[in-house]
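So the sequence shown is numbered by full-length UniProt numbering: it starts at 1 and just counts up by one.
Yeah, the Cβ is synthetic: ideal placement off N, Cα and C, and Gly gets one too.
Step one of this worksheet: look at the structure below.
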Amino acid sequence: MGSVEFPSLEAEVAFLRGLTSVQRIADDILEDCFERGLDLDTGLDVFLTQCARMVHAKAGFVCLKGTQGPVLTRVMGELGVDVFTAMNWTGPRRLEDGRMLFCTKLTLGKLDLGTMGLAVEGKFEDGGKLVMKLVEAIGEQLDSAVLGFLAIMDGRSALERLDELAVGEDSTPVGRGRIGRYEVVTPLGTGGMAQVLVARARGPEGLGRLVALKRILPHLSTDPVIVQQFLDEARIGLRLSHPNLVTVYDIGEAQGAYFIAMELVRGVDLDRVLKVLKTPLSPPMAVGVVIQGLHGLHAAHLVRGEDGALLQLVHRDMSPHNLMLGFDGRVKVLDFGVAKARAQRTVTLPGIVKGKPLYMSPEQARGERLDARSDLFAMGLILYESLTGKRAFDKGDELASMYAICDEPLRRPERIPKPLWEVMEVALAKRATDRFRDAHEMSERLAEVVPPAKDADLSRLVSANFPDRLRELARLDRSAGEKSQAEKTRVRPAVKSGG
């Protein structure tokens with residue numbers, strides 16, 4: 001990796017802490033893949049996401065190559081450049097949107113195994129040299145992890161082993177490992193505390209429906225605080241029941257790791273919809289999405305415990321990312337009641353821009369006690385962004401954005417009709433007591449001023465703009481049906497004919 005010059009002791013400590021964390025993550029992921037029989041793409045999904053969080057990168061990619069070209073590609077977030085173009089880059093490169101993409105080659109001796117890249121916001125007066133060194137170190141740990149994974153190649157070359165991972169367009173997904181009674185199909189996404197996988201439930205009659213299987217990340221599975229938060233989320237999820245909330249089917253523990261099996265939502269989150277459309281939603285569309293989200297919130301806010309008392313649930317993290325627009329036109333609120341994992345250790349190197357708390361209520365920004373009306377403020381901000389394409393209080397700086405949320409008034413953009421704006425002003429009141437009493441009241445007032453889009457309209461919007469996602473889900477459903485039928489045929493008893 002060569003020598004590194006640090007501008008301060010703090011930067012050096014952050015760098016070394018990052019190296020230690022990356023090594024632990026790589027080791028834990030590798031061990032996890034071996035123990036559970038999981039494939040390499042599942043491990044890459046975790047590794048990429050966790051290393052990206054470490055340097056506050058909102059996007060990144062890993063592209064592994066075999067003898068004939070790319071065989072396995074994982075992309076996180078909006079990369080802003082074609083991944084098969086970026087896989088040929090090395091070093092820091094400024095993207096059109098101002099972010100810096102740091103790319104490093106993955107090598108095994110003289111073999112070129114592919115490329116990894118992380119897109120980071122920042123000015124980087126040193127040209128990004130320090131961040132580049134950390135990305136190179138992350139790449140070296142990934143090299144070692146891939147080497148360990150390929151160690152079972154039975155005398156074949158590493159590239160030949162990688163070739164086996166290539167999946168064609170029409171290939172049927174096969175199970176890769178088991179977690180409890182669930183057979184893993186493919187990774188779906190990874191967050192700060194857990195990974196979500198598409199899996200098939202296995203019952204007495206063979207393979208059943210596809211589910212979303214959420215599991216604690218391998219390097220966090222022994223942390224008692226995170227385990228407790230995860231179990232709290234599961235218990236809350238089992239109490240939620242509404243068409244606009246994700247259904248939780250099952251919680252369990254397998255091989256020392258906890259998991260939650262829940263409804264596989266077939267759709268795309270609002271954040272991605274807005275980015276792909278590159279234009280604001282019409283008032284009926286935006287109001288249609290938000291009203292459905294409010295219906296889900298209202299049901300969750302009214303959930304009671306075993307003693308009959310209100311649990312007083314507050315989402316605390318409502319954002320466009322947590323509103324899923326289904327291909328059937330149904331909107332689902334994701335991650336309700338999740339007790340957020342403690343802030344992960346991150347590397348604060350010169351030039352890196354941290355995330356912005358853009359959907360907090362004023363009381364949340366001040367660290368005050370929250371109730372359900374905090375979620376209404378967040379829904380008002382989501383509606384504002386859906387109608388304008390802009391985040392209401394984004395000042396480009398975390399502290400400045402929080403001050404704006406607490407104290408800065410919002411002016412009505414011309415494109416928002418005045419009657420609709422008057423409803424939004426109530427939702428976005430700085431004091432919780434000045435907002436709507438509950439999500440139901442807010443949804444009714446919105447419907448009075450703007451007739452919401454119907455489910456069929458939302459379905460057409462998502463289906464027209466995400467055909468690839470729709471095809472992929474159809475392929476998973478088809479393969480699940482075919483495999484389930486094959487299982488039933490295999491175990492069907494012979495029937496003796498009469499006569």
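Of the listed residues the options, nearest to residue i (C-alpha basis)
| i | options | result |
| --- | --- | --- |
| His321 | Leu311, His298, Gly308, Val289 | Val289 |
| His315 | Arg215, Leu376, Glu78 | Leu376 |
| Gln228 | Leu238, Ile216, Arg239 | Ile216 |
| Val331 | Pro467, Lys454, Asp41 | Lys454 |
| Pro417 | Leu302, Leu370, Thr388 | Thr388 |
| Arg415 | Ala286, Arg304, Asp434, Phe393 | Ala286 |
| residue 519 | Asp27, Asp250, Asp41 | Because the chain is modelled from 1 through 499, residue 519 falls outside the range shown and cannot be assessed. |
| Ala201 | Val184, Met193, Asp27 | Val184 |
| Cys33 | Thr85, Phe6, Val131, Gly177 | Gly177 |
| Asp317 | Leu274, Val246, Ser374, Glu10 | Ser374 |
| Phe259 | Asp97, Ser319, Thr433, Met193 | Met193 |
| Met132 | Asp97, Ala57, Ser144 | Ala57 |
| Glu31 | Ala52, Leu72, Asp143, Gly148 | Gly148 |
| Leu44 | Ala26, Gly252, Glu444, Ala257 | Ala26 |
| Lys123 | Arg93, Cys103, Leu134, Leu72 | Arg93 |
| Ala439 | Arg471, Ala372, Glu398, Val303 | Ala372 |
| Arg435 | Gly252, Asn465, Tyr403, Glu363 | Glu363 |
| Ala378 | Ser319, Gly396, Glu306, Thr433 | Ser319 |
| Leu334 | Arg74, Lys275, Asp271, Gly396 | Asp271 |
| Val246 | Ala261, Ala254, Gly252 | Ala261 |
| Leu383 | Glu125, Pro452, Gly98, Cys51 | Pro452 |
| Pro284 | Glu306, Ala456, Ala59 | Ala456 |
| Gln68 | Ala11, Val273, Lys430, Asp112 | Asp112 |
| Ala59 | Glu5, Thr186, Asp82, Ala432 | Asp82 |
Status (buried if at least 16 other CB within 10 Å, exposed otherwise) for residue i
| i | result |
| --- | --- |
| Arg342 | Because Arg342 carries a pLDDT of 36, less than 50, the predicted location of this residue cannot be relied on, and no value is offered for it. |
| Asp407 | exposed |
| Val211 | buried |
| Ala309 | exposed |
| Thr20 | exposed |
| Val268 | buried |
| residue 502 | Within the shown structure, residues of the chain are numbered from 1 to 499, placing residue 502 beyond reach of any answer. |
| Ser8 | exposed |
| Gln312 | exposed |
| Phe84 | exposed |
| Gly256 | exposed |
| Thr42 | buried |
| residue 504 | The structure shown does not extend to residue 504, since the chain is modelled only from 1 to 499, so the question has no answer here. |
| Asn244 | buried |
| Gly128 | buried |
| Leu72 | buried |
| Thr49 | buried |
| Arg74 | buried |
Residue j beta carbon less than 7 Å from that of residue i
| i | j | result |
| --- | --- | --- |
| Leu101 | Gly77 | no |
| Val120 | Val62 | no |
| Ile138 | Val22 | yes |
| Val449 | Val423 | yes |
| Gly296 | His242 | yes |
| Gly329 | Leu458 | yes |
| Val196 | Gly189 | yes |
| Met442 | Leu294 | yes |
| Arg266 | Leu473 | yes |
| Ile29 | Phe47 | yes |
| Tyr182 | Leu213 | yes |
| Leu95 | Gly114 | no |
| Gly237 | Val248 | yes |
| Phe393 | Ser386 | no |
| Pro391 | Leu358 | For the record, residue 391 in the displayed sequence is Arg; it is not Pro. Yes, Cβ-Cβ distance for Arg391 and Leu358 is below 7 Å. |
| Ile405 | Met360 | yes |
| Lys110 | Thr90 | no |
| Ser144 | Phe327 | no |
| Gly18 | Leu130 | no |
| Leu420 | Gly380 | no |
| Phe336 | Ala300 | yes |
| Val303 | Asn465 | no |
Beta bridge counterpart(s) of residue i as assigned by DSSP
| i | result |
| --- | --- |
| Ala257 | Ala254 |
| Leu64 | Leu72, Gly114 |
| Glu183 | Arg178, Arg200 |
| Ala59 | Ala119 |
| Arg304 | Leu310 |
| Ala212 | Val198, Met262 |
| Asp269 | Met324 |
| Leu245 | Val333 |
| Thr20 | According to DSSP, which records beta bridges pairwise, Thr20 is partnered with nothing at all. |
| Thr190 | Gln195 |
Identify every run of the beta strand (DSSP E) within the region 74-159, keeping only runs that are complete inside it and at least 3 residues long; order them along the chain. 91-94, 100-108, 111-120
What alpha helix (DSSP H) runs, 4 residues minimum, are completely inside the region 374-448? 398-407, 418-427
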